[in-house]
Amino acid sequence: MLGDKYPIDFFPEPGQTIQVQAPKFNRVLEGLTVPESIKPTEPVAAIIFECSNILNKKRADYSPGEDRFSNFKFTAHLLEHFTRDEDLPYVALIGTKLSRLSELLRPGRHPFNEPVKDSFIDLINYCILWAAYHESQGTSAATESGRTEQVP
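The numbering used here puts the first residue of the sequence shown at 23, with every later residue one more than the last.
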């Protein structure tokens, strides 16, 4: 059953505008109007609706202000400082997490999508993967500086 894999507490009627209340966080997620074309019995429509809810929650965490794309602009600015193509995916992932943290670490802010600790863990893991990639390619800063120690 779709609801088991994609839990949806309710499915509003087409054309209905809803707001997601989050009293625990003293926040209200912006209203979402369900398109007339969505029928609650269609699995694809249910998945699209759930995706939209997740997108709105993430937007509330990553770029709650007027500029919905501020996190991408922040990441693009970081990317300008790296010249190696192989570094860009890591910088993009790290930049996005840093942008999220810059929003969530403001006084009075609380996450909507995932705990702040998860963003710190993601940053650590992305950095480890980035360093491991450079080690595997022989392009790490340690290798380039002439040091010869092996990282376990």
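We put the beta carbon where it would ideally sit given N, CA and C, even for glycine.
Nonlocal neighbours in the same chain, by C-beta distance under 6 Å from D140, ignoring five residues either side | none
Does the Cβ of L126 have 16 or more other Cβ atoms within 10 Å, making it buried, or fewer, making it exposed?
-> buried
Touch test, the stretch 102–109 against the stretch 121–136, Cβ-Cβ under 8 Å, three pairs minimum = Contact annotation: the stretch 102–109 does not touch the stretch 121–136, with fewer than three C-beta pairs closer than 8 Å.
C-alpha gap between S158 and Y112, whole angstroms = One alpha carbon belongs to S158, the other to Y112, and they sit about 15 Å apart.
Just the Cα atoms here: how many angstroms apart are A154 and F71?
-> 38 Å
Flag this pair as yes or no: are the beta carbons of K119 and L145 separated by less than 8 Å?
-> yes
Using a Cβ-Cβ cut-off of 8 Å, state whether W152 counts as contacting chain C.
-> The structure shown contains no chain C; it is built from a single protein chain.
Work out the CA separation of N135 and F94 for me, nearest whole Å.
-> Distance between the alpha carbons of F94 and N135: 18 Å.
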